[in-house]
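To keep things clear, I will list the structure first and then write my remarks on it.
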Amino acid sequence: MMQIPVLTYHSNNVDGNEYHNNDHVAFELDLQLISKLGYEIISTHELVSILKEKAGSSKKKYVCLTFDDGSDMDYHDWEHPFHGYQKSFLTMMQDFKNETGQNIHATSFVIADPQTRAELTNTCTAGYPIWNSDWWEEAENSGMLSIENHSWDHVHSTLKNTKTQKNIKGDFSGVDSFLDAKTQIAEASRFINSVIVGKKISLFAYPYGHFNDYLVKQYFPYEQSEIIAAFTCEPQFVTQDTNLWLIPRFVCGSHWKSSNGLRKILQMQS
Ligand SMILES: [Zn+2]
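Numbers 499 to 768, taken from this note's numbering, label the letters of the sequence shown in order.
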């Protein structure tokens, strides 16, 4: 039976330099574990192809890597004012490739709206401007990172106003009308496409992992055609029966907090 874990990291999670409070420390150690356990890393697009073509091989062990919110540290190394030098996720991926010779790919789900990212600088990252879009195109061209859609403004709880009819905050399941879905999803895709030459966004990650019946059963399958799959934060493996609009993911810091925690998740695979 096909079972593929999709793992999620946040490069802005830097509250120290230990596994449990720094996703960079966790990511680097997790790559070693994944390699040691014999996993092959596939891209989200390969995962979706496997699901669509029902082409899962039961012999190979696959894992898929995703990053949420799209802070600069997905791509750029950064000298953190309190916690020192932080190697970016991409740098770690390049090191991994150089050391193991194995293929590696990840997907960054980014927040589209420039104003929202400017506001998050103050509300989420203590004035550090780490929410830029200048690296999106280079990342895409690196062949190791794909940029995909994490909504217009994340309906983020710290924003003064979100671009929704009822000013929804902190609850993406409230995006349950065509108008709000069009703004939060289709307009976000259009903006990201405008930043990256030749890009055509086709994947979406639900902010906070929140979804609803309207998006899953109506909007995605019938009212739009650009997005081909959407990712939640439900801690389960992807199987042959996974709904393309409800692809589950395990989230670092929420579903596991140590190497051993990740090992335990991976060992649940039958
Ligand atoms: Zn998010």
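Even for Gly, the Cβ is constructed at its ideal location relative to N, Cα and C.
Query                                                                                                            : Result
Three-way DSSP call (helix, strand, coil) for Gln584 in this model                                               : strand
Outcome for Glu516 when other beta-carbon atoms lying within 10 angstroms are tallied against a minimum of 16    : exposed
Phe565 - DSSP class collapsed to helix/strand/coil                                                               : strand
Contact set for Asp678: own chain, Cβ-Cβ below 7 Å, skip 5 residues either direction                             : Thr662 and Gln663
Closest Cα partner of Phe580 within the set Phe670, Gly625 and Ser606                                            : Gly625
Ala679, enclosing beta strand (DSSP E) - first and last residue                                                  : Ala679 -> not in any beta strand (DSSP E); alpha helix (DSSP H) instead, spanning Phe676 to Ala679.
Pro612: CB within 6 Å of a non-hydrogen atom of ligand 1                                                         : no
Heavy atom of ligand 1 within 6 Å of Ser746 beta-carbon                                                          : What sits at residue 746 in the sequence shown is Pro, not Ser. Flag unset: Cβ of Pro746 not near ligand 1.
heavy atom of ligand 1 below 6 Å from Pro705 C-beta                                                              : yes
beta-carbon Asp632 near ligand 1 non-hydrogen atom, thresh 6 Å                                                   : no
Runs of alpha helix (DSSP H) lying entirely within the stretch 517-545, each at least 4 residues, in chain order : 521-534
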